[in-house]
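A short write-up of the structure that comes next.
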Amino acid sequence: MERTIAIIKPDAVRGHHVGEIIAAVEAQGLTIEAMEFMRLTKEQARGFYSVHEGKHFFERLLDYMTSGPIVAMVLSGDDAITRWRSLMGPTNPESAGPETLRGRFGESLTFNAVHGSDASETASYEMSYLFGGRYLNGLRR
Ligand code: IDP
Ligand code: MG
Numbered sequence: 013m014e015r016t017i018a019i020i021k022p023d024a025v026r027g028h029h030v031g032e033i034i035a036a037v038e039a040q041g042l043t044i045e046a047m048e049f050m051r052l053t054k055e056q057a058r059g060f061y062s063v064h065e066g067k068h069f070f071e072r073l074l075d076y077m078t079s080g081p082i083v084a085m086v087l088s089g090d091d092a093i094t095r096w097r098s099l100m101g102p103t104n105p106e107s108a109g110p111e112t113l114r115g116r117f118g119e120s121l122t123f124n125a126v127h128g129s130d131a132s133e134t135a136s137y138e139m140s141y142l143f144g145g146r147y148l149n150g151l152r153r
């Protein structure tokens, strides 16, 4: 059993795709363990994406991620990290298949509808970053 962070990004919330994305998560057999509608501040977005600090797209990414509310979730299941990332599709929606969420809802390389942790260390960091002590004690085995 593994846990991962999934985020429905501001473009997908604005586009009214929250319900379809949650339905896809559940159809995939992933379990939603925590979920919160939130709006990140610039500083929170900067900390969340600190691995990308200094890259050419970093400031654009922060503007995007703070442009509206997001839905943050903790998902669990066998191979949850890989399974959620396969359901998301590749970073660039142009190369994402029509069965993936980025293929269905992503608009561009920046505006790509969803986020998923890329490894278990990243998942732990992102879970404590977004949910802190509020849910994690209950979630940890
Ligand atoms: P990922 O979300 O598929 O893990 P990352 O490389 O971790 O992709 O990038 C984080 C986010 O930054 C992407 O989801 C996308 O919104 C944005 N991004 C990534 N690469 C670029 C780029 O080259 N130009 C513009 N935005 C980018
Ligand atoms: Mg990433």
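First residue of the sequence shown: 13, per the working numbering; consecutive thereafter.
Here a beta-carbon is modelled for each residue, glycine too, at the ideal position from N, C-alpha and C.
On a predicted model such as this, the values are computed, not experimentally measured, just so you know.
Can you determine whether any heavy atom of the ligand IDP sits closer than 8 Å to the C-beta of residue 76, and answer yes or no? Along the sequence shown, read from residue 1 onward, the residue named residue 76 stands at position 64. Yes - the ligand IDP has a heavy atom lying nearer than 8 Å to the Cβ of residue 76.
Check residue 49 in the structure and name its three-state DSSP category. Taking the first residue of the sequence shown as 1, we reach residue 49 at position 37. Looking at residue 49 - three-state DSSP - the assignment turns out to be strand.
Run of the beta strand (DSSP E) containing residue 88, from where it starts to where it stops: Along the sequence shown, read from residue 1 onward, the residue named residue 88 stands at position 76. Per DSSP, residue 88 is one residue of the beta strand (DSSP E) stretching across 82-89.
What are the uninterrupted segments assigned as alpha helix (DSSP H) that are 4 or more residues long and contained completely in the region 14-41, given in chain order? 22-26, 30-39
Just confirm the distance between the C-beta atoms of residue 44 and residue 85, as a whole number of angstroms; I'd bet it's less than 8 Å. Your numbering for residue 44 matches position 32 in the sequence shown. Your numbering for residue 85 matches position 73 in the sequence shown. Confirmed, about 6 Å.
Whole angstroms is fine: what's the gap from residue 153's alpha carbon to residue 89's? Here the question's residue 153 lines up with position 141 in the sequence shown. Here the question's residue 89 lines up with position 77 in the sequence shown. In this prediction, residue 153 scores a pLDDT of 47, lower than 50, which makes its location untrustworthy; no coordinate-derived value is stated.
Three or more C-beta pairs below 8 Å linking the region 122-140 and the region 93-105: yes
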